[in-house]
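Everything on this sheet refers to the single structure shown next.
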Amino acid sequence: MPTAGSVGTAAATLVRERRLARLLTPEGAVLLLVVLGAGLRLWNLEGLGDFDFDEVAAIWYARAGLLDIVADLAAAPFEHPPLYYMGLHLWIGWFGESEPMARAFSITFGLLLIPATYRLARCYVSAWPAVVAAVVVTTSPLLVFFSREARMYAPAALFAVLSLWLFERAMRSGRRRDWLGLAICVAAGCYVDFTVAIAVSAMALALPWHWRRHRRRVLVFVAVGAAILAAVLPWLILARGLHDSLPAFGTGDLAPGLLVEIGRMAWLDLLVGNEEVRSGRLATAFAVGAASLVVGGVAAVLLRRRGGLMLGFVASVVAFLALLLIFDKPYQPRYLLPAIPAIGVLVAAAFDAAPRVPLRNLAATGAALVLLVGPVAASRAYFTDYVRGDYRSITTTIETLARPERPGLAEGKFRDAVVLAGPWQGWFWRHYFPDFLDKVDVWLLPDEVPPAVDALEVERKLGQASRNHNRVWVVLAGLEQADPQKLTEKWLTRHLWQARSDVYRNGVLQLYMTHVYDFVQREGQINVNDDFEMAEMWFTGHRKDQGPREAGDGMRFSIRLAMPAPVDYDLRIRVWVESPTGEVYSKEFHAQNVNGQRTSAWSPGEVHEVRTGLWIPADAPPGTYQTFMAFVGPDGEGLPVTGEFALRTYVGQKGLWLGRTVFVPPSIGGQDGAESS
């Protein structure tokens, strides 16, 4: 006979089991996935780095008033609809516009996408397989990536999924509230981003399958579509960005080789994230396994004739990508983002259609765990090393090292100039260097894209900058659109001396020296490895008729080289200086003439001028420095030089002494900076 204690223990066990049963429901699992998704999306959010180009633009638009946002976007070329920016305006008004807080706005939509995908999957499969669709969305590297970006891509994906779900509900029930919800969701989504219209395309593809059984509902859908178009039409009429895109139709390249290359990249981007964050063989192995599940899901949909809307949606995403290529838009992984929830539903369909065999549930659980862990492992670099942007580093370097104007001289005459070469850098610049007008002069090259810069604009702006300033900082970014002919780089190579070149994620920062009043000439006759001849060169050396050089600046070198016969390698040159206390500051670079050609492309018998600069940090010790130069072959070894140069004789040595340069501490500005590459 059971005792009172044993009865109490059994009752407590039953209560715990019931609580556990309530937690181990599909809905409970989805809730846990939302918590996991929040963890992935919030992980190291503060360490994600600066805003990228588009994110800065979003912040600047969102700073305006709500009505001003509409007006600004309507007049802006190649911009998105206003609803996301209006929501971001309210968000940053409450929480501030720091990078983590601005990106957190998109995280909320990325998390809502998890239960939304589950509800969409439930239209086609049973509960637990539908959880698998939510798993795919939770850990998708591409969705995690864009759910942490201050742009409208995660909200657009959510609106697309909700639209597909409401369409299925409306076609099955015919209820007015579902039709009304569909109309509102699609119209609002299109005011977030035009990609939501991809969902409408998928709905249109599904209409023939509904015509026999639900003709009246098909006609209602047509009426709803007309209402949606009427709601979106005002923006289609006002949006300059859309109008400016139309002339580009047909200018893109759809060559078979390009399509194959995009297809090779796209399936990996879709399943395991951007190439820059996925992890080699592990990512490929997981992508192959996930792709097999997708194929199984497609087969299940075709055999069961249930879920064809997902196939139509994926096909519409592919068609949208092709349309962008026709408009000469370069492929970007974010174009695939809307397809991921549909991919998740297809994977769920494969699970739902699996044969009911012994250990089926165990195998399905194992596969679901792989789907849960695999994408995170395959893209683990994103959670450890990835940094979104670093434009703040560019502006900080310039602000730290730029020379201000000198007292008593014409206002701004001898302070540094900055040339922003590339589209839309003004957004970045004003955001991360708001008081730049007090410190440097800035040129935009070009002012607006399109069109790309021409030779006249390059000559006018760079010529004025170099005439009025001793030093010109140049930030190169996005030149494929702004300067496809590389006119800016060619002009700089031909006319100035590059003293620094630092590569950042958001661009390349270079410093050029302009004037030649401090040159010292060296002459002689030097043979370099029987391949090159040098008779003269100039460098920033010491002369009795002028003062010393200031540290925190650059030295200039102009070298005249000729070749008796063609060479099949690209010569490198190393220049360096040595301080009285033994510090060495050096630079090694490819010898290229003022047209940017390296030695393997030079013509024999012609004399070519090679220009470069050498950065000397502001904390370099003062005193008299010795200046040297050497020539480096393709194997990295110094080449022997023979002859007489600057009153010295050389017989097989691997370096030349050029002379002295005297440095003193900077008289104004010029804080310490790391040696450039």
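Those letters in the sequence shown? Residues -16 to 660, per my numbering, in order.
The beta carbon of each residue, even a glycine, is placed where N, CA and C say it ideally should be.
inquiry  = Residues in the same chain with beta-carbon distance under 8 Å from E394, minus the five sequence neighbours each way, listed in chain order, please.
reply    = Within the sequence shown, the letter at position 411 stands for residue 394. Only weak support is given to the placement of E394: the predicted model assigns it a pLDDT of 46, under 50, and the value that follows is read from those uncertain coordinates. Excluding positions up to five away in sequence, the list reads E388.
query = Skipping 5 residues on each side, what residues in its chain have a beta carbon closer than 8 Å to that of A21?
reply = As a first step, residue 21 must be located in the sequence shown, where it is residue number 38. Around A21: I90 and L94.
query = Touching or not, the region 511 to 524 and the region 481 to 488, by the rule of three or more beta carbon pairs under 8 Å?
reply = No: the two stretches stay apart, fewer than three of their Cβ pairs being nearer than 8 Å.
inquiry  = If you measure between the beta carbons of V458 and A404, is that distance less than 8 Å?
reply    = Sequence index remark: in the sequence shown, residue 458 carries index 475 (1-based). Sequence index remark: in the sequence shown, residue 404 carries index 421 (1-based). Yes. Within cutoff.
ask   = Mind checking whether F129 and L329 have CB atoms under 8 Å apart?
value = By 1-based counting over the sequence shown, the position of residue 129 is 146. By 1-based counting over the sequence shown, the position of residue 329 is 346. For F129 and L329, no; Cβs fall outside 8 Å.
ask   = Going by DSSP, what residues sit across from T632 in a beta bridge?
value = Along the sequence shown, read from residue 1 onward, the residue named residue 632 stands at position 649. Note: T632 sits in a beta bridge opposite E627.
message = I'd like to know whether the C-beta atoms of A574 and V593 end up nearer to each other than 8 Å.
response = Counting from one through the sequence shown, the residue named residue 574 turns up at place 591. Counting from one through the sequence shown, the residue named residue 593 turns up at place 610. Yes. Within cutoff.
key: Buried or exposed (CB count within 10 angstroms, at least 16 for buried), N27   = Along the sequence shown, read from residue 1 onward, the residue named residue 27 stands at position 44. N27 should be labelled exposed.
query = Going by Cα to Cα distance, which pick from A41, I97 and H63 is closest to L73?
reply = Translated into positions along the sequence shown, residue 73 becomes position 90. Comparing Cα-Cα distances from L73 to each of A41, I97 and H63, the minimum goes to A41.
request  = Quick one: give me the first and last residue of the alpha helix (DSSP H) that W521 is part of.
outcome  = Within the sequence shown, residue 521 is the residue found at index 538, counting from 1. Premise fails: W521 lies in the beta strand (DSSP E), F515 to T523, not in any alpha helix (DSSP H).
query = Name the DSSP beta bridge partners of E506, please?
reply = If you number the sequence shown from 1, residue 506 lands on position 523. In DSSP, E506 forms a bridge with E519.
request  = Answer with buried or exposed for I220, where buried requires no fewer than 16 other C-beta atoms within 10 angstroms of its C-beta.
outcome  = Taking the sequence shown and counting its residues from 1, the one referred to as residue 220 is at position 237. By the neighbour-count rule (16 or more Cβ atoms within 10 Å), I220 is not buried but exposed.
query = Does the distance from the C-beta atom of V590 to that of R532 stay below 8 Å?
reply = Walking along the sequence shown from the start, residue 590 turns up at place 607. Walking along the sequence shown from the start, residue 532 turns up at place 549. The answer is no: Cβ separation not under 8 Å.
ask   = For the alpha helix (DSSP H) that K444 lies in, which residues bound it at each end?
value = Residue numbering aside, residue 444 sits at position 461 when the sequence shown is read from its first letter. Run containing K444: A438 to N451, per the alpha helix (DSSP H) assignment.
query = Tell me which same chain residues have a C-beta within less than 7 Å of the C-beta of H193, skipping the five on either side of it?
reply = For the purposes of this step, residue 193 is taken as the residue at position 210 of the sequence shown. Answer for H193: M154, R200 and V201, listed in chain order.
ask   = Among residues of its own chain, excluding the 5 on either side of V645, which ones have a beta-carbon nearer than 6 Å to its beta-carbon?
value = Position 662 of the sequence shown, counted from the start, is the residue given in the question as residue 645. Excluding positions up to five away in sequence, the list reads H525, P531 and T607.
query = Skipping 5 residues on each side, what residues in its chain have a beta carbon closer than 6 Å to that of A104?
reply = For the purposes of this step, residue 104 is taken as the residue at position 121 of the sequence shown. Here the set comprises A113, A116, V328 and A331.
request  = Indicate the three-state DSSP secondary structure (helix, strand or coil) for K312 in the structure shown.
outcome  = In the sequence shown, residue 312 corresponds to position 329, counting from 1. Residue state, collapsed to three classes: coil.
inquiry  = Going by DSSP, what residue range makes up the beta strand (DSSP E) through L459?
reply    = In the sequence shown, counting from the first residue as 1, residue 459 sits at position 476. L459 -> beta strand (DSSP E) spans R454 to L459.
task = Take Y374 and list the residues in its own chain whose beta-carbon comes closer than 6 Å to its own, dropping the five residues that flank it on each side.
result = For the purposes of this step, residue 374 is taken as the residue at position 391 of the sequence shown. So the list reads D33, F411, Y415 and N489, once near-sequence residues are dropped.
query = For R371, which three-state DSSP category applies?
reply = Against the sequence shown, residue 371 aligns to sequence position 388. Three-state result, R371: coil.
task = Would you please state the rounded distance, in angstroms, between the beta carbons of L354 and V118? I believe it to be under 8 Å.
result = Residue mapping note: residue 354 aligns to position 371 of the sequence shown, counting from 1. Residue mapping note: residue 118 aligns to position 135 of the sequence shown, counting from 1. The pair is a contact, with the Cβ atoms about 5 Å apart (cut-off 8 Å).
message = Taking only three categories from DSSP, how would you classify A473?
response = Taking the first residue of the sequence shown as position 1, residue 473 is located at position 490. This sequence places Lys at residue 473; Ala is not what is there. In this structure, K473 counts as helix in the three-state DSSP scheme.
ask   = Helix, strand or coil for R488 per DSSP?
value = As a first step, residue 488 must be located in the sequence shown, where it is residue number 505. Correct three-state label for R488: coil.
query = Do the region 607 to 618 and the region 556 to 571 make contact, defined as three or more Cβ pairs closer than 8 Å?
reply = yes
key: Under 8 Å between C-beta atoms of A166 and I211   = Working through the sequence shown from its first residue, we reach residue 166 at position 183. Working through the sequence shown from its first residue, we reach residue 211 at position 228. In this structure, I211 lies closer than 8 Å to A166 by Cβ.
request  = In angstroms with no decimal places, state the Cα-to-Cα distance between W407 and E431.
outcome  = Numbered from its first residue, the sequence shown carries residue 407 at position 424. Numbered from its first residue, the sequence shown carries residue 431 at position 448. If you draw a straight line from the Cα of W407 to the Cα of E431, it is about 7 Å long.
key: Cα-Cα separation, W111 to P9   = The residue labelled residue 111 in the question sits at position 128 within the sequence shown. The residue labelled residue 9 in the question sits at position 26 within the sequence shown. Approximately 6 Å between the Cα atoms of the pair.
message = Any contact between the region 447 to 457 and the region 364 to 373? By contact I mean 3 or more CB pairs, one from each, below 8 Å.
response = no
query = Once you ignore the five residues that flank L237 on each side, which residues in its own chain have a CB closer than 8 Å to its CB?
reply = Walking along the sequence shown from the start, residue 237 turns up at place 254. Around L237: A305, L308 and I309.
task = Could you work out which residue in V271, G280, P239 and A629 is closest to L254 when comparing CA atoms only?
result = Walking along the sequence shown from the start, residue 254 turns up at place 271. Cα-wise, what sits closest to L254 is V271.
request  = Within its chain, find whatever has a CB closer than 6 Å to the CB of C106; leave out the 5 residues flanking it on each side and keep chain order.
outcome  = Taking the first residue of the sequence shown as position 1, residue 106 is located at position 123. E151.
task = Return the chain-ordered ranges of every beta strand (DSSP E) run that is complete within the region 567 to 604 and spans a minimum of 3 residues.
result = Fully enclosed beta strand (DSSP E) runs of 3 or longer: 567 to 573 and 590 to 599.
query = How is E10 classed by DSSP in three states: helix, strand or coil?
reply = Indexing the sequence shown from 1 puts residue 10 at position 27. Helix, per DSSP.
query = Mind checking whether L31 and R102 have CB atoms under 8 Å apart?
reply = As a first step, residue 31 must be located in the sequence shown, where it is residue number 48. As a first step, residue 102 must be located in the sequence shown, where it is residue number 119. Cβ atoms of L31 and R102: not closer than 8 Å.
inquiry  = Considering just the uninterrupted stretch of the beta strand (DSSP E) at D424, what are its terminal residues?
reply    = For the purposes of this step, residue 424 is identified with residue 441 of the sequence shown, where counting begins at 1. From DSSP, the beta strand (DSSP E) with D424 extends over D424 to L428.
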